[in-house]
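Right, one structure below, let's go through it.
Numbering (my numbering), first residue to last: 119 to 277.
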């Protein structure tokens with residue numbers, strides 16, 4: 119049994135009050151974005167919000183529910199990456215016309231490489247590359263900002 123399956127079985131076998139994100143962070147080697155991405159896809163896949171209101175659920179809830187939509191998965195990535203020594207992470211939110219939008223995690227490594235993760239891993243010069251990428255997919259981004267894990271704007275950004 120691989121370590122990720124063992125970890126998932128452990129947290130879902132009645133240990134619901136354990137700090138699951140902290141435990142997951144201990145299982146994934148610092149800086150191993152591929153392992154983090156694999157674990158997310160395997161055990162916390164994208165799911166559509168049931169309610170019309172977009173709920174920003176804590177990473178522990180996404181793990182226990184075994185799923186979440188883009189901002190829930192971004193919160194999971196954010197919670198793990200920010201625990202890695204020397205790494206920086208921010209939740210990057212884009213609002214489209216017409217709605218809805220998308221959330222990813224923008225990160226910076228200790229050696230100053232930047233990128234974002236949203237089920238795939240991309241490297242870039244700065245957050246402007248994220249906007250160019252999603253605009254290039256046909257999305258009309260009208261607003262974008264960095265948010266905290268509650269969805270509150272922490273920094274508005276300029277194109």
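Yeah, the Cβ is synthetic: ideal placement off N, Cα and C, and Gly gets one too.
ask   = What are the start and end residues of the alpha helix (DSSP H) that includes residue 197?
value = 188-199
task = Just the C-alpha distance for residue 230 and residue 196, rounded to the nearest angstrom, thanks.
result = 17 angstroms
query = Is there at least one non-hydrogen atom of the ligand NAP closer than 7 angstroms to the beta-carbon of residue 148?
reply = Of the ligands one can find in the structure shown there are none, so the ligand NAP has no counterpart to examine.
ask   = Counting along the chain, where does the beta strand (DSSP E) carrying residue 224 start and finish?
value = 219-226
Alpha-carbon spacing of residue 246 relative to residue 273, whole angstroms = Going by the C-alpha atoms only, they are around 14 angstroms apart.
Residues sharing a beta bridge with residue 141, DSSP = According to DSSP, residue 141 bridges with nothing at all.
query = How about residue 166 and residue 187: are their beta carbons less than 8 angstroms apart?
reply = yes
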